[in-house]
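Protein chains in written order, with my numbering: chain A, 720 to 972; chain B, 108 to 415.
Only one structure is covered here, and it is reproduced in the block below.
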Amino acid sequence: MYTVFTLTLRQLTGSRRQAILWLFAALPAAFALLLRYLTDNYVDVILGPVFSLLLIAIVLPLVVAILATTALGEEVEDRTLAFIVLRPVPKWQIILAKYGAVVILAALPLLIFGAVTAGIALIDDPFGESAFDYETAIKPILGVVAGLAVGIVAYAAAFLWLGLISGQALGFAIVYVLVWEGIAAGIFAGIRYLSIRSYSITTLKEIGGEPLDFVGVIAGPEPSLYFVLGGAAAVAIVFLALTLTQLRNMDVP
Amino acid sequence: MSTNGATIVVDNVSKWFGNVVAVNEISLEISPGITGLLGPNGAGKTTLLHMMTGLSATSRGNVTVLGRPVRGDTNLYRQIGVMTEHQAVYDFYTGREFVELSARMHSLDDVSNAAEKAIESVRMTDAMDRRLSTYSRGMRQRMRLAATLVHDPPVLVLDEPLNGTDPRQRLEFHDLARRLAAEGRTIIVSSHILEEVETLADNIVLMVSGKLAASGDFRSIRALLDDRPYRIRVTSTSPRALAGGLMNSEAVSSVAMEDNDSVLLLTDDLPTLQTQLPLIARDAGAVLQTVEPEDESLESVFTYIVER
Chain A
720 MYTVFTLTLR QLTGSRRQAI LWLFAALPAA FALLLRYLTD NYVDVILGPV
770 FSLLLIAIVL PLVVAILATT ALGEEVEDRT LAFIVLRPVP KWQIILAKYG
820 AVVILAALPL LIFGAVTAGI ALIDDPFGES AFDYETAIKP ILGVVAGLAV
870 GIVAYAAAFL WLGLISGQAL GFAIVYVLVW EGIAAGIFAG IRYLSIRSYS
920 ITTLKEIGGE PLDFVGVIAG PEPSLYFVLG GAAAVAIVFL ALTLTQLRNM
970 DVP
Chain B
108 MSTNGATIVV DNVSKWFGNV VAVNEISLEI SPGITGLLGP NGAGKTTLLH
158 MMTGLSATSR GNVTVLGRPV RGDTNLYRQI GVMTEHQAVY DFYTGREFVE
208 LSARMHSLDD VSNAAEKAIE SVRMTDAMDR RLSTYSRGMR QRMRLAATLV
258 HDPPVLVLDE PLNGTDPRQR LEFHDLARRL AAEGRTIIVS SHILEEVETL
308 ADNIVLMVSG KLAASGDFRS IRALLDDRPY RIRVTSTSPR ALAGGLMNSE
358 AVSSVAMEDN DSVLLLTDDL PTLQTQLPLI ARDAGAVLQT VEPEDESLES
408 VFTYIVER
């Protein structure tokens, strides 16, 4: 499994793709920095639109989608998948190795820049005592990291499966994010129980506490932390199982 | 292995994609030695090889390798080496790293030593520390072969392994394949080039349009090929006079004029015609300009065998 894991790391980091992803993941932090110097109510704006509309709604799913749809999708497209499946490596190990590599490569830029973005909004003096205050700085940053991690874990499994079943996986991933999590979740409140974005926002707010109240405000009751953690885990397990079934049953080109 | 020593048993296997039948009810047994899987492009060779190696499921029928169903048995790949038709490699690796990757996936004890040995067997030691992206097609094929051989498998399935190789590399491949076969391995080599397989394989499996056209030792299949009638187009300075002369030859079964400037003839006896044609032309006062086979494509040769 370790061999396939390191192979996938090299596949996904060996090109300009990773540099572009890091720049993309840094966008919310860059916006936050600008807003901090340009507006007075920067805390509300950063924790509101920048977090809700940019980081969690766009940057998080897109960074994961680009990596996850490539991890298996590119192997199908350039026909290197046969090289792996013709070796005595159990299929579940191939899937877990690919999944692990995607999660790590997505987590590094997203968690770092997510924490930096939150820090820009919440910490007055990065070198002062307030930077180490648990309630106003450390706890909300931990909430941001946890919320993003939940999103990464769930999106990575769903998009890994998409990459294996479709040549247009990235397109379908974008449609899913825009239509299901954007438009449909805005119209039908119940979809928050079946939305990875909702799982991410709820985790972030529940763990981060009061300073993150501005993030992703939606009318009506939010699912509980236990529900969203269970939901994200279920999404990851179901889609990894679907990916394994697909790899076992498909004709490998 | 089956009771008669066959390493690979293909039992009434078919494969279809929607309404298209790619492989149609093929049964065959492959024993140790070199077997050539021959057929024109699109004959279904790769589809059959994919089913033999477990890459594709059969629509009907069964394939066993070393007595075990190949599809879904990951451990069986410890005993099979497969080189697919497509030349896809991980370009960011050096040749050595690529072969070592294969060795690691086979959980070999001494990865480095096994990789070097396999690379040496395909004579790529000098270039093994270069990136695969800098290799020529032939070099890439040889390094892929090394990755296929690295775990020393008793069964080798090689789909068009000579694509992109030059004549010297082909000779080296022939030597290597014969050496491996002499050690008791079962080797299947697919090709759409008749001569390529003729000089290499002990046995031939001939596929046309998804069907098994013939199988057995090469001599019997070669005899089938040599018995077929040939259509020859001849252009000369006096086509009518030449056509008259050809009608009197026993080697020619029919003669027809084409566009008033060439003669189309049918012969069952090519060697005799080769001897007689210049003499007939001389007697007719015609200067031969071109003598071309009309239907020498591999497709037409194979189709003839199927129709017999």
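For each residue, glycine too, the CB sits at the ideal point set by N, CA and C.
{"query": "Pairwise C-alpha distance: Phe124 of chain B and Pro930 of chain A", "result": "58 Å"}
{"query": "Where Pro780 of chain A sits in the DSSP three-state scheme", "result": "helix"}
{"query": "Helix, strand or coil at Ile839 of chain A according to DSSP, with G and I counted as helix", "result": "helix"}
{"query": "Neighbour list for Val934 of chain A in chain B, Cβ cutoff strictly below 9 Å", "result": "In chain order: nothing, as chain B lies at least about 39 Å away."}
{"query": "Exposed unless 16 or more other CB atoms sit within 10 angstroms - verdict on Phe846 of chain A", "result": "exposed"}
{"query": "Sub-9 Å separation of Val257 of chain B and Thr293 of chain B beta-carbons", "result": "no"}
{"query": "Ser166 of chain B, DSSP secondary structure in three states", "result": "coil"}
{"query": "Under 9 Å between C-beta atoms of Ser345 of chain B and Val312 of chain B", "result": "no"}
{"query": "Beta-carbon contacts of Leu766 of chain A that lie in its chain and below 7 Å, excluding the five residues immediately before and after", "result": "Ala840, Leu931, Phe933, Val934"}
{"query": "Interface residues of chain B facing Leu966 of chain A [CB-CB closer than 7 Å]", "result": "Result: empty, since nearest Cβ-Cβ is about 11 Å, beyond 7 Å."}
{"query": "Beta carbon proximity, Phe802 of chain A to chain B, threshold 9 Å", "result": "yes"}
{"query": "DSSP-derived helix/strand/coil call for Gln887 of chain A", "result": "coil"}
{"query": "4-residue-minimum alpha helix (DSSP H) runs that sit fully inside the region 336 to 371 of chain B, ordered along the chain", "result": "346 to 354"}
{"query": "Contacting positions in the region 722 to 755 of chain A - beta carbon closer than 8 Å to chain B", "result": "Thr722, Val723, Leu726, Arg729, Gln730, Gly733"}
{"query": "Endpoints, beta strand (DSSP E) assigned at Met314 of chain B", "result": "310 to 315"}
{"query": "Rounded Cβ spacing between Val177 of chain B and Met190 of chain B (contact assumed at less than 8 Å)", "result": "Between Met190 of chain B and Val177 of chain B the Cβ distance is about 16 Å, and since that is not below 8 Å, they are no contact."}
{"query": "Unbroken alpha helix (DSSP H) run spanning Met158 of chain B, endpoints", "result": "152 to 159"}
{"query": "Cross-strand partners of Val975 of chain A (DSSP beta bridge)", "result": "Here chain A has residues from 720 to 972 only, and residue 975 of chain A is not among them."}
{"query": "The beta strand (DSSP E) enclosing Phe124 of chain B, as first and last residue numbers", "result": "115 to 124"}
{"query": "Touching by the beta-carbon criterion (3+ pairs, under 8 Å), the region 949 to 957 of chain A and the region 132 to 143 of chain B", "result": "no"}
{"query": "Extent of the continuous beta strand (DSSP E) to which Glu399 of chain B belongs", "result": "395 to 400"}
{"query": "Residues, ordered as in the chain, of the region 801 to 832 of chain A that lie near chain B by beta-carbon distance below 8 Å", "result": "Ala801, Phe802, Ile803, Val804, Leu805, Arg806, Pro807, Val808, Pro809, Lys810"}
{"query": "Beta-carbon neighbours of Thr799 of chain A, restricted to chain B and to distances below 9 Å", "result": "His193, Ala195, Val196, Tyr197"}
{"query": "8 Å Cβ cut-off: residues of chain B touching Asp701 of chain A", "result": "With chain A covering 720 to 972 only, the question about residue 701 of chain A has no answer from this structure."}
{"query": "Beta-carbon proximity check, Ile187 of chain B vs Leu155 of chain B, cutoff 9 Å", "result": "no"}
{"query": "Local Cβ density within 10 Å of Ala289 of chain B, reported as buried at 16 or more and exposed below that", "result": "exposed"}
{"query": "Cβ of Leu380 of chain B within 9 Å of any chain A Cβ", "result": "no"}
{"query": "Burial state of Ile739 of chain A (16 or more Cβ within 10 Å)", "result": "exposed"}
{"query": "Segment contact flag, the region 760 to 778 of chain A with the region 876 to 889 of chain A, C-beta cutoff 8 Å, min 3 pairs", "result": "no"}
{"query": "Reference Val170 of chain B, options B:Ser214, B:Glu192, B:Leu145, B:Lys122, closest by Cα", "result": "B:Lys122"}
{"query": "Proximity test, Cβ basis, 9 Å: Tyr242 of chain B and chain A", "result": "no"}
{"query": "Per-residue contacts from His281 of chain B into chain A (C-beta, under 7 Å)", "result": "Chain A residues near His281 of chain B: none, gap ~24 Å exceeds 7 Å."}
{"query": "Backbone secondary structure at Gly833 of chain A - three-state DSSP", "result": "helix"}
{"query": "Three-state secondary structure assigned by DSSP to Thr142 of chain B", "result": "strand"}
{"query": "Assigned exposure category for Val229 of chain B - 16 Cβ within 10 Å defines buried", "result": "buried"}
{"query": "Helix, strand or coil at Asp273 of chain B [DSSP, three-state]", "result": "coil"}
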